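What follows is a short report on a single structure.
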Amino acid sequence: MVRRLFRLVVCPRMLMPTWRRLSLGALLLCPVMVVQAAGVDTVSAAIQNGDYQDALTQADTLLTPSEQQALVPSERAELQRLQAIAHLYLDQRAEAYRAYRQALTLNGLSKASEADALTAVISLAFRVEQYEEVLNYARQLRDKHTLQPTSARFAMQAAYALSRFDVAIEYARQLQKLGAEDAFILQTKGLSEMALSRFKAAAATFDKLVNQPDVAPRWLEQAARAHAKAGSHQTARQYLARAHADISLYRTLSASLLEQDASQQALRYWQQGLQQLTRLPTREEQLFLVQCLIKTGQRVAALNRISEVNLSEPDKQTLKLQVMLAYQLNHWQEVIDTAQVALSYGLKDDRMLWQWLSISAIKAGDYALADYALEQWEARDPTGLAERWRDTLELLKAKRAKRRDARLS
């Protein structure tokens, strides 16, 4: 057949009758049309038979520049898609990714083929961390076709990876509508809401998550954070207790609340954290409790705690703090006793310590100590306040001397 066609083609046209030339033209065109129409089916059949390399070879042949001119855009696009499928079966993901993208660029796929290509390219783009591409193709799939749970999940993860938290939340909602909501989706949605400071929404999301069986303690802790930020502190503390949360999380939440001037709530968190300890609180943990107590105006309790710290591990800062609290509470003798210890810890040049000691000694009636302390205070006081207390001391000393003289007479 080929030889006959060849002879006919190379024969001088002038020797052929008109009908013969027309018949030859039809004969030459028909095989080309049949081959091109059957090309897609042939490649598809090869894939169905498991002949993936053969399918690639056939597709490559049909897509060569000389051959593809005879293809319409829909055929070129479908051949590119079939190429991608064959590459996938051969575990050639990079080649499959390129072929799918080329097929989609041609914009000639049927509705079903386009949906298949978009679904596949979303998965491949996600594997190579092309997250912007994932979102682009997911948007096309959602707008033109039906977004399936797997593709929506990839889009949600891609959006979260790009810190597009609002987009991640939207895909999480779509997954919920599709009936595909699970723990991972709730986790991603809750974390995205936290990142956007939507604390009430995050608290509601984590509530759903932690009510699932076998929830990990860290998600109970995350739920506690969300509720603490949302202001539902009792629920937050319940979750912390369920999680047996580490003391460091209690510290973080309490410190944050102190910064927000919510000192009473900060104290409650910290006290609960200390109660859950299976060991004695460290020095730093005790000092943070003192800070919370001071912020809430509980100076007596704070003084008792700082006194306990100084009995075992004193330093100049904690000793000075104890002196200050005792002074504020008019515990003059405690000021005197603690200040003298503090002086031995390197606070001899501390003006405030000498001031507290001077006034406390005067209040306690220890005028000899007051006289010495005032000398030290006066040497360091630029305000003149020490001089006024000196006048007070001299008046008190004179009154005492007068009473003593009266008794002796």
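Heads up: the sequence shown begins at 258 in the numbering used here, then just goes up one per residue. Beta carbons are placed, not taken as given, at the ideal position from N, Cα and C, and that holds for glycine. For clarity, every value in this text was computed on a predicted model and none was experimentally measured.
- Where does Ser454 sit, in a helix, a strand or coil, going by DSSP? Against the sequence shown, residue 454 aligns to sequence position 197. Annotated three-state conformation of Ser454 is coil, per DSSP.
- Query: With C-beta atoms as the reference, is Ala583 less than 8 Å away from Leu560?
  - Reply: By 1-based counting over the sequence shown, the position of residue 583 is 326. By 1-based counting over the sequence shown, the position of residue 560 is 303. Yes. Within cutoff.
- Item | Counted within 10 angstroms of its Cβ, other Cβ atoms place Ala460 as buried (16 or more) or exposed | As a position in the sequence shown, residue 460 is number 203, starting the count at 1. The residue is buried, with at least 16 neighbouring Cβ atoms inside 10 Å.
- What whole-angstrom Cβ distance do Val467 and Tyr507 have, given they're in contact under 8 Å? Stepping through the sequence shown from its first residue, residue 467 is reached at position 210. Stepping through the sequence shown from its first residue, residue 507 is reached at position 250. Actually they do not touch by this definition, with Cβ atoms about 18 Å apart.
- Closest Cα partner of Leu534 within the set Ala519, Asp503 and Gln521: The residue you call residue 534 lines up with position 277 of the sequence shown. From the listed residues Ala519, Asp503 and Gln521, the smallest Cα separation to Leu534 is found for Asp503.
- Query: Between Ser564, Asn364 and Ala480, which lies nearest to Phe463 when the distance is taken from Cα to Cα?
  - Reply: To locate residue 463, count along the sequence shown from 1; it is residue 206. When only C-alpha atoms are compared, the closest one is Ala480.
- Within this structure, are the beta carbons of Leu435 and Lys465 separated by less than 8 Å? Numbered from 1 along the sequence shown, position 178 holds the residue referred to as residue 435. Numbered from 1 along the sequence shown, position 208 holds the residue referred to as residue 465. Not closer than 8 Å, so no.
- In the DSSP assignment, find the alpha helix (DSSP H) that holds Gln579 and state where it starts and stops. Position 322 of the sequence shown, counted from the start, is the residue given in the question as residue 579. Element bounds for Gln579: Lys573 to Gln585.
- If Leu381 sits next to Tyr354, beta carbons under 8 Å apart, how far is it from one beta carbon to the other, in whole angstroms? The residue labelled residue 381 in the question sits at position 124 within the sequence shown. The residue labelled residue 354 in the question sits at position 97 within the sequence shown. A Cβ-Cβ distance of about 4 Å is found for the pair Leu381 and Tyr354, placing them in contact under the 8 Å criterion.
- Message: For a test of the three-state rule: what should DSSP assign to Thr376, helix, strand or coil?
- Response: As a working note, residue 376 is residue 119 in the sequence shown. Thr376 sits in a helix when the DSSP states are folded into three classes.
- Task: Leaving out five residues on either side along the sequence, give the residues of the same chain with a beta carbon under 6 Å from the beta carbon of Glu591.
- Result: In the sequence shown, residue 591 corresponds to position 334, counting from 1. Cβ neighbours of Glu591 within its own chain (closer than 6 Å, five residues either side excluded): Ala583.
- Query: What residue from Glu632, Glu635, Met581 and Ala493 has the CA that sits closest to Leu610's CA?
  - Reply: On the sequence shown, position 353 is the one that residue 610 refers to. Among Glu632, Glu635, Met581 and Ala493, the Cα nearest to that of Leu610 belongs to Met581.
- Go to Asp691, then tell me how far its alpha helix (DSSP H) extends in each direction, as first and last residue. Since the first residue shown for the chain is 258 and the last is 666, residue 691 is missing from the structure and cannot be characterised.
- Task: State the start and end residues of the unbroken alpha helix (DSSP H) segment that holds Lys620.
- Result: Along the sequence shown, one-based indexing puts residue 620 at 363. Bounds of the alpha helix (DSSP H) holding Lys620 are Arg608 to Ala621.
- Please classify Val566: is it buried, with 16 or more other beta-carbons within 10 angstroms of its beta-carbon, or exposed? On the sequence shown, position 309 is the one that residue 566 refers to. Burial call: buried.
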